[in-house]
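Listed in order, the protein sequences are those of chains A and B. The opening position of the first sequence corresponds to residue 27 in this note's numbering, with each subsequent residue numbered one higher. The opening position of the second sequence corresponds to residue 38 in this note's numbering, with each subsequent residue numbered one higher. Ideal Cβ positions, reconstructed from N, Cα and C, are used throughout, including at glycine. Bear in mind the structure is a predicted one, so any value in this text is a computation, not a measurement.
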Amino acid sequence: MNNRAIMHLMIRWARSLWSIMCPGARRVGTPGAAALAILAVSLMWCVAEARADGGSVLGVQQLEGGRLTLLASPVPLSVGPVEFSVLVVDDDGAAAEDVAVLVEVTSQDGSLWDTAIATRGDSQNPLLASAIMELRHAELSIITVRVDSPRLKGALSVTLPVQPSAPLWTQYLPWILLVLPMAFIVGCREIAVARSSRRAGQSGRLPRAPSLVSARP
Amino acid sequence: MSLQTLAVADWIKLDPWLLLPMVVVAWLYHRGARSGRGSRSCFWLGLLVLLIALSTQIDAMGHLLLWVHMAQHVLLVFVAAPLLVLGAPGMACFRGLPAFIRKDFLGPLLADRWARVGWRILLHPVTTWLVFVATTWGWHTPAAYQLAISDPLWHRLEHVCFLGGAVLFWWQVFEPWPWKSRWTKGARIAYLLAADIQNTVFCAILAFAGTSIYGSYAATAWGLGWDPARDQRLAAGIMWFVGQLVILPAAVWLLLGALKGRAGKPSLAAERERQSLPLPQLGSDPRRLAGAVQPLGTQPHRAARPLDLLRLPVLGACFRSRSARLTLRWLLAICALLLVIDGLWGPEVGPENLAGTIPWTHWRGITAVLLLLVGNVACMVCPMMAPRALGKWLFQPARAAPRWLKGKWVAGAILVAWLVAYEMFDFWSSPWATAWVIITYFALAFVIDSLFSGATFCRAVCPIGQYQMVLSLVSPTQVMAREASVCAACSTHDCIRGNPARGTPGCGLDLFMPQKIGNLDCTNCLDCVDSCPSGNVGWIVTSRASNLMDVSLRSGVGFLAQRIDMAVLLLLVTIGAFVNAAAMTPQWFEFLGWLAQGTASLWLEGAAVLVMLVVPTAALVMTSKLRRVGDSRQVLVRGALTLVPMGAAMWVDHFGFHLTSAWKTGLAVVQRALLDLGASGKWVGEPDWIASCCAQIPDWLKPAELVLLDVGLVASLWLVWRSRLSAIWWIAAIGLFAAGVWIVLQPMEMRGNLP
């Protein structure tokens, strides 16, 4: 690229920046831009619905003849429903099929709080075996996974703190606060209407109460 | 079959919550697309890629292996996004929106100067390039990536950023019609190459890092028998290779276009010139802006006719037919009779009895949802039409209702009595009481309409009718004249007088069609449809917010601005929604227990409900009196109208909750009733009572309820602003919203469930 081309490019950049700073100078492509917004919102909605699966890795254990990986979602663990997923592979890297997977949650003193059988039917990913368990106690807990099959046998234990659950309203806060962007959009629209109405010498709002009564025949 | 094979075979999981928005976008595009076949194919292909990236095992496996996750991102950024943009989707989707959204809502918003400034900044090449690069680098930092794979919410946000940034990026390159980039093709080649360079640098860092950058993937890859470093190198390779495969051809395409001296397609101005059509002067007029979405070379836009439900192919014919409506009413009257019989002689446990479940769980819920989605269907097919018709046939009453019965004071008092009695005597849990309520209702309808002409019972007595008619103010439909000019030329006025020759009655509620505004006092009986000789009355889908602002003369209602009784009724229905819902929370029972302190709680509960209904209503009435200037009555009526959307949202939340959480009880009680009547258990099956005690509440219910309250609040605040009301009404709307949120988040006592 020669100097002239670089200069040309820089001038274009400067002009573009100028047009940003002085928006009234030229109007380009408003309907297209607006339409883009609609598409973007719709598609983002699509994308936002994508589901995660598995969660974060809590621990990996090398067993005799294979490996065992424990995942959980959501992490950090808190009181309430938690999905535990277990991945069992043999030494060839193939996922072990006929494995019974048991997940236990115990306290530090060894008392059993909850136990569940993880199955592939409860998992989005057929390579994982999952179980949804209700954690009830906010204290240090031991999560143990036991696998049992003719070729693979073993257990994995991790000790993790379970945090108290957040208040219910915090869980639904995004839905409650949805009112703010909605009000913002409606507010912007109202301001736009009011501005164009002012230009046309009208008011977008109703007249105040007395004027309407006086209009009564 | 090995699990790996199973993972591939089970490769797609169609999630309705993902499919639904995709179908909406596809429908909008299909409605509005005017581009060529190639362009449209690109869009459909883009949607397909999006579906593959998000609905298949790619998404699930992406949590275990980095290269799969990277492949998903590459599909979103380098495949789906450019294909979608090539389909010129923006204008197509915009054009596919219903006209009233385009013109009345989006038009003014998009024509605003500051909105244009915002769009210009957002769509500037520098901005789009920076957004694209920032999302790529920002989300691939170890902390952000770890956050995304450990929390589904952040993972969704990550995908949103990737797709949004990529669509913006490719928008500059492909210039979907009618948008034009400010940069020349040469500058945009530099834009693409700069993006390519940063992509290469990023991939090089990832590939030659030596160690695993993302700790979580190191563990899962090892767990799957993969070398984590190899996994990371493969991820970098995929991103670099696909990036090159897309960016470089795009740059070549731009280069060829620049060399030819023309774009890949003619500019808008050239196309207009070719077709000898004037360029639209968009200016700032919203209607003109919305009209600018006309396809090139088509005829000028004709105003679309509003949708008339009575003209729908099958349903419309049913609604139009008087005998079909009568049949429905008689069928419902027979159902009511069955409820009475089961209520009086069936089991006394509410959830096992038809009378304990059908009216309180199903009928209320279905009619509330229909009110919001369609209109006042409950009154249209009301079974009380049967005793009313019988009374009129037997006694032929000609006497008009007395003046004190014409207003809404009596109706308001009966509504309060109804809400108080409902909580005091727990109608919902007593089939016997429910049966007697139905009997009383039928008797009252018979007596009132035997004494007075017109629909006196509906207008002045029926509390359910008042609730239906008030809430139908927010319904999307209205019984109205199809063409004003036809009514102007009419001299017979059959819609109000009736047509004796055809044997059709006029409107019992004195609603004269040309002057009818909104649904207030309209029972949707559709007698006016039968009577109109010109067939000019329709059940029209209309979005007129003026129904909730106009307080001038309304047919059948009079000057709404002067109707304090109507305002009080509106307030009672609105506040009643919150009181009725609050009375099923545990805190309510704790409060009653604290109040009772050993005294009889029945009357105390009634008194508490009465106070909670009357005090806020009286307070709002009194605040309107505080105005020193202006007509306090008009302020009160306007204020009461503004709160109706909040009340509607709460009623639908409440009744919708019961319907959703206990709808299966309907089947169980019907099975029980049939078995009691001697039907064979082999055919009927055993009732599944688990639906009546331990039904799982769906996860989506609370968010849906909260969204409904959000919409109600925004609508109410908008009306308050438009109606120029004082801060008291703002506070009232926000206070009701806060109360609604609190109620929704409480553990609810579910109707229809076994004790």
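Spatially closest choice to residue i from the options, by CA coordinates
i                        : options                                : result
methionine 586 (chain B) : B:Gly223, B:Ser760, B:Gln235, B:Leu205 : B:Ser760
methionine 159 (chain A) : A:Ser104, A:Ile217, A:Val219           : A:Ser104
histidine 70 (chain B)   : B:Leu103, B:Gly127, B:Met98, B:Gly83   : At residue 70 (chain B) the sequence reads alanine, which differs from the histidine that was named. Looking at the Cα atoms, B:Gly127 is the closest of the given residues.
serine 183 (chain A)     : A:Leu166, A:Leu194, A:Thr196, A:Val115 : A:Leu166
leucine 282 (chain B)    : B:Ala633, B:Ser669, B:Val111, B:Asp747 : B:Val111
alanine 373 (chain B)    : B:Arg219, B:Phe278, B:Ala423           : B:Ala423
valine 115 (chain A)     : A:Pro100, A:Arg224, A:Leu96, A:Cys214  : A:Leu96
leucine 204 (chain A)    : B:Leu750, B:Leu546, B:Gly387, B:Arg77  : B:Leu750
threonine 398 (chain B)  : B:Trp688, B:Gly715, B:Ile89, B:Leu711  : B:Trp688
tryptophan 430 (chain B) : B:Pro542, B:Thr257, B:Phe628           : B:Pro542
threonine 493 (chain B)  : B:Leu442, B:Ala454, B:Trp455, B:Arg534 : B:Leu442
aspartate 141 (chain B)  : A:Glu216, A:Gly227, A:Arg224           : A:Glu216
serine 571 (chain B)     : B:Ala108, B:Ala521, B:Val594           : B:Ala521
glycine 274 (chain B)    : B:Leu243, B:Pro265, B:Leu745           : B:Leu243
alanine 438 (chain B)    : B:Val498, B:Ile395, B:Gln783, B:Leu381 : B:Val498
Contact with chain B by residue i, beta-carbon distance below 8 angstroms
i                        : result
alanine 157 (chain A)    : no
valine 173 (chain A)     : no
tryptophan 139 (chain A) : no
isoleucine 202 (chain A) : yes
arginine 224 (chain A)   : no
leucine 186 (chain A)    : no
leucine 144 (chain A)    : The sequence given here has alanine at residue 144 (chain A), not leucine. No, alanine 144 (chain A) does not count as interfacial toward chain B.
arginine 162 (chain A)   : no
alanine 192 (chain A)    : no
proline 100 (chain A)    : yes
alanine 126 (chain A)    : no
arginine 221 (chain A)   : yes
valine 129 (chain A)     : no
serine 167 (chain A)     : no
serine 183 (chain A)     : no
glutamate 216 (chain A)  : yes
threonine 95 (chain A)   : yes
Chain A contact for residue i (CB, 8 angstroms cutoff)
i                       : result
threonine 257 (chain B) : yes
leucine 314 (chain B)   : The pLDDT assigned to leucine 314 (chain B) is 42, lower than 50, so where the model puts this residue is not dependable, and the model offers no usable value.
lysine 140 (chain B)    : no
alanine 152 (chain B)   : yes
glutamine 94 (chain B)  : yes
leucine 261 (chain B)   : yes
serine 72 (chain B)     : no
serine 187 (chain B)    : yes
leucine 782 (chain B)   : yes
CB of residue i within 8 angstroms of CB of residue j, strictly
i                           : j                           : result
valine 127 (chain A)        : alanine 164 (chain A)       : no
alanine 232 (chain B)       : phenylalanine 169 (chain B) : yes
threonine 287 (chain B)     : leucine 229 (chain B)       : As written in the sequence, residue 287 (chain B) is alanine, which differs from the threonine given in the question. Yes, the Cβ-Cβ distance between alanine 287 (chain B) and leucine 229 (chain B) is below 8 angstroms.
isoleucine 475 (chain B)    : valine 377 (chain B)        : yes
phenylalanine 403 (chain B) : leucine 738 (chain B)       : At residue 403 (chain B) the sequence reads isoleucine, which differs from the phenylalanine that was named. The answer is no: Cβ separation not under 8 angstroms.
phenylalanine 211 (chain B) : leucine 113 (chain B)       : no
proline 740 (chain B)       : tryptophan 201 (chain A)    : yes
glutamine 269 (chain B)     : isoleucine 250 (chain B)    : yes
serine 589 (chain B)        : leucine 548 (chain B)       : no
alanine 185 (chain B)       : alanine 118 (chain B)       : no
glycine 449 (chain B)       : leucine 673 (chain B)       : no
glycine 412 (chain B)       : asparagine 561 (chain B)    : yes
leucine 88 (chain B)        : methionine 59 (chain B)     : yes
glycine 180 (chain A)       : valine 173 (chain A)        : yes
Anticipated Cβ contact below 8 angstroms, residue i with residue j, distance rounded
i                        : j                        : result
asparagine 556 (chain B) : methionine 603 (chain B) : Asparagine 556 (chain B) to methionine 603 (chain B), Cβ: 13 angstroms. No contact.
alanine 157 (chain A)    : valine 131 (chain A)     : Contact flag wrong, Cβ pair sits at about 10 angstroms.
arginine 425 (chain B)   : alanine 482 (chain B)    : 5 angstroms
tryptophan 766 (chain B) : glycine 676 (chain B)    : 5 angstroms
arginine 362 (chain B)   : valine 418 (chain B)     : 7 angstroms
Task: In chain order, each beta strand (DSSP E) run of at least 3 residues that lies wholly inside the stretch 137 to 203 of chain A - done: You should have 138 to 144, 154 to 161, 166 to 174, 179 to 187.
TODO: Mind listing, in chain order, the continuous alpha helix (DSSP H) runs of no fewer than 4 residues lying wholly within the stretch 256 to 305 of chain B?
DONE: Entirely contained in the stretch 256 to 305 of chain B, the alpha helix (DSSP H) runs reaching 4 residues are, in chain order, 265 to 297.
Task: Sequence ranges, beta strand (DSSP E) only - wholly within the stretch 360 to 400 of chain B, length at least 3 - done: The qualifying runs do not exist here; there are none.
Open item on the list: If we require 3 or more residues per run, which beta strand (DSSP E) segments fall completely within the stretch 535 to 618 of chain B?
Closed with: The stretch 535 to 618 of chain B contains these whole beta strand (DSSP E) runs: 574 to 578.
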